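>
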Ligand SMILES: [Zn+2]
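In this note's numbering, the protein residues as written are 20 to 430.
Structure (structure tokens):
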């Protein structure tokens, strides 16, 4: 058997087995009673419902992963990529770039058709049954159209540029690709809050009142410069609540979901804002960008090792060797590395969450940060006691009990 094919199949199956294992462990770890520290925000009934909710997500996630793995393996083994490549040549035989765009678009659409039913079921069945969903079919479809348009406008020129670099600039191609993508990443950080996110949600400067005054007083005391605090109509899609920090330079802003403002008291909301400011004070945004720069460089370097590799094309049953298809195939080879980088990134992110919590506690008090977190996790039916392996592999935020314990230790 072709060693590349063997490697890709093992990687796909291992990914599926790891998911099976972690979800199995999660299932066995279910509790009968809410943790003592959460009783004020989670009674026995609500806990039972939240467990059922998590169970449904777990089951659907596993079915989805199983189907995606089976379909992907079947597609590779049955020569699906070669079929798409022949089709792309017939449809877009106006040079390598057009053929490449058609080939990648066919593959993206195929994956979309397989994955989309699961997203539909999640939104309109599971999320609706537990009264989280507020997305109308119209919003859902508009999101799809907007997402596809943005992917095409941003993604296609980058894709063409990467193919062009690899075809014309020789051994240094990966460095040019790296430079280009890093520039795009920085540009995106600047324009996402002001140009892209408003396509999906309405952002309104926080109205004058008790909360705004509290935040302004706090920000002045901490000498924190920020353009403005915004509220976002998160309730357009879900009753779940959240808050985040986004942007760089002049575009950086703190955003509170309208659903969060409805659920939490002013001191709790102030603690949440302080947490987001903590991320900024500790320079987590810049550190995150630095990591993305390194990992992007690594990706393109690995890519450069396997571009137009005849054995790799043989593994995917291809008759025609091309640069554009190499990009897709190297993606499969890169999966284990992406997995490891993802775990490292999550580890770091969890540390940063503790740091931001500590910053908020030190500047606004431990109590309001702790109750803000408890409410947030309970209201969103988050898993209060996830398995440590699941946390290690997938969680960008620490479990709530760890966060509350860290706050109490520190305060
Ligand atoms: Zn955070």
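Glycine included, each C-beta is placed from N, C-alpha and C at the ideal position. Here the structure is a predicted model, which means the values were calculated and not measured.
Using 8 Å as the threshold, is the C-beta distance between residue 417 and residue 369 below it?
For the purposes of this step, residue 417 is identified with residue 398 of the chain shown, where counting begins at 1. For the purposes of this step, residue 369 is identified with residue 350 of the chain shown, where counting begins at 1. Cβ atoms of residue 417 and residue 369: closer than 8 Å.
> Counting only the same chain and skipping the five closest in sequence on each side, list residues whose C-beta sits under 7 Å from that of residue 98.
Within the chain shown, numbered from 1, the residue matching residue 98 stands at position 79. Once the five neighbours on either side are set aside, the close Cβ partners of residue 98 are 336.
> Does residue 451 come out as helix, strand or coil in the three-state DSSP assignment?
The shown model of the chain, from 20 to 430, leaves out residue 451, and the question about it has no answer.
> Leaving out five residues on either side along the sequence, give the residues of the same chain with a beta carbon under 6 Å from the beta carbon of residue 371.
Walking along the chain shown from the start, residue 371 turns up at place 352. Closer than 6 Å at the Cβ level, and outside the excluded window around residue 371, lie 303.
> Which residues, in chain order, sit with a beta-carbon under 6 Å away from any heavy atom of ligand 1?
Here the list is 294, 298, 372 and 375.
> Within the same chain, show all residues whose beta-carbon is closer than 6 Å to that of residue 116, passing over the 5 residues directly before and after it, in chain order.
Numbered from its first residue, the chain shown carries residue 116 at position 97. So the list reads 179, once near-sequence residues are dropped.
> Classify residue 263: buried if its beta carbon has 16 or more other beta carbons within 10 angstroms, exposed otherwise.
Reading the chain shown from its first residue, position 244 is the one you call residue 263. Residue 263 comes out exposed.
> Need the endpoints of the beta strand (DSSP E) that residue 60 sits in, please.
In the chain shown, the residue the question calls residue 60 occupies position 41. First-last for residue 60: undefined, no H or E at that position.
> Please name the residue, chosen from 238, 95 and 255, that lies closest to residue 247 on a Cα-to-Cα basis.
The residue you call residue 247 lines up with position 228 of the chain shown. The candidate whose alpha carbon is nearest that of residue 247 is 238.
> With distances taken Cα to Cα, identify the nearest neighbour of residue 275 among 160, 59, 149 and 289.
Walking along the chain shown from the start, residue 275 turns up at place 256. Nearest C-alpha to residue 275: 289.
> Are the CB atoms of residue 260 and residue 402 within a distance shorter than 8 Å?
Here residue 402 refers to the residue found at position 383 when the chain shown is read from its first residue. Here residue 260 refers to the residue found at position 241 when the chain shown is read from its first residue. No, these two residues do not count as a Cβ contact at 8 Å.
> Could you check the C-alpha separation between residue 378 and residue 386 for me, to the nearest Å?
Taking the first residue of the chain shown as 1, we reach residue 378 at position 359. Taking the first residue of the chain shown as 1, we reach residue 386 at position 367. Taking the straight line joining both Cα atoms gives about 13 Å.
> Once DSSP output is grouped into helix, strand and coil, what is the label at residue 417?
Stepping through the chain shown from its first residue, residue 417 is reached at position 398. It is coil, neither helix nor strand.
> Between the beta-carbon of residue 13 and the beta-carbon of residue 139, is there less than 8 Å?
The first residue shown for the chain is 20 and the last is 430, placing residue 13 beyond what the model contains.
> Is residue 321 helix, strand or coil by DSSP?
Here residue 321 refers to the residue found at position 302 when the chain shown is read from its first residue. Here residue 321 sits in helix by DSSP.
> Residue 193 and residue 319: beta carbons closer than 8 Å?
Here the question's residue 193 lines up with position 174 in the chain shown. Here the question's residue 319 lines up with position 300 in the chain shown. Yes.
> Return the chain-ordered list of same chain residues with a C-beta closer than 7 Å to the C-beta of residue 338, the five sequence neighbours on each side being excluded.
In the chain shown, residue 338 corresponds to position 319, counting from 1. Closer than 7 Å at Cβ, skipping near neighbours: 101.
> Taking only three categories from DSSP, how would you classify residue 378?
Here residue 378 is taken as the residue at index 359 of the chain shown, counted from 1. Correct three-state label for residue 378: helix.
> Determine the burial state of residue 383: buried for a count of at least 16 other Cβ atoms within 10 Å of its Cβ, exposed for fewer.
One-based indexing of the chain shown puts residue 383 at position 364. Buried, by the Cβ-count rule.
> If you reduce the DSSP assignment to three classes, tell me which class residue 103 lands in.
Translated into the one-based positions of the chain shown, residue 103 becomes position 84. Helix.
> Going by alpha carbons, who is nearest to residue 252 out of 216, 284 and 240?
In the chain shown, counting from the first residue as 1, residue 252 sits at position 233. Comparing Cα-Cα distances from residue 252 to each of 216, 284 and 240, the minimum goes to 216.
> Return the CA-CA distance between residue 118 and residue 128, expressed in angstroms with no decimal places.
What you label residue 118 is simply residue 99 of the chain shown in a count that begins at 1. What you label residue 128 is simply residue 109 of the chain shown in a count that begins at 1. Computed Cα separation, rounded: 15 Å.
> In whole angstroms, what separates the C-alpha of residue 96 from that of residue 21?
Walking along the chain shown from the start, residue 96 turns up at place 77. Walking along the chain shown from the start, residue 21 turns up at place 2. Residue 96 and residue 21: Cα-Cα distance of roughly 12 Å.
> I want to know whether the stretch 43-50 touches the stretch 405-414 - three or more CB-CB distances under 8 Å.
Enough Cβ pairs lie closer than 8 Å, so yes.
> Can a CB atom of chain C be found closer than 8 Å to the CB of residue 125?
No chain C is part of this structure, which consists of one protein chain only.
> State yes or no: is the C-beta of residue 208 within less than 8 Å of the C-beta of residue 245?
One-based indexing of the chain shown puts residue 208 at position 189. One-based indexing of the chain shown puts residue 245 at position 226. Their beta carbons are not under 8 Å apart, which means residue 208 does not touch residue 245 by this criterion.
> Can you say whether residue 135 is buried or exposed, counting buried as having 16 or more other CB atoms within 10 angstroms of its CB?
Numbered from 1 along the chain shown, position 116 holds the residue referred to as residue 135. Exposed: under 16 other Cβ atoms inside 10 Å.
> In the DSSP assignment, find the alpha helix (DSSP H) that holds residue 451 and state where it starts and stops.
A question about residue 451 goes unanswered here, because the residues of the chain that appear run from 20 up to 430.
> Pull the bridge partners of residue 273 from the DSSP assignment, please.
Indexing the chain shown from 1 puts residue 273 at position 254. Residue 273 pairs with 248 and 264.
> For residue 52, which residues of its own chain have a beta-carbon under 8 Å away from its beta-carbon, when the five flanking residues on both sides are left out?
Here the question's residue 52 lines up with position 33 in the chain shown. The answer, listed in chain order, is 63 and 66.
> Please give the ranges of any alpha helix (DSSP H) in the stretch 91-158, keeping only runs that are unbroken, at least 4 residues long and fully inside the region.
If we require 4 residues or more, the alpha helix (DSSP H) runs fully inside the stretch 91-158 come out as 99-110 and 115-140.
> I'd like to know whether the C-beta atoms of residue 125 and residue 106 end up nearer to each other than 8 Å.
Taking the chain shown and counting its residues from 1, one reaches residue 125 at position 106. Taking the chain shown and counting its residues from 1, one reaches residue 106 at position 87. Yes, the pair counts as a contact, with Cβ atoms nearer than the cut-off.
> Are there 16 or more other CB atoms within 10 angstroms of the CB of residue 221, so buried, or fewer, so exposed?
The sequence position of residue 221 within the chain shown is 202, counting from 1. The residue is exposed, with fewer than 16 neighbouring Cβ atoms inside 10 Å.
> Ends of the alpha helix (DSSP H) at residue 47?
Position 28 of the chain shown, counted from the start, is the residue given in the question as residue 47. Residues 22-47.
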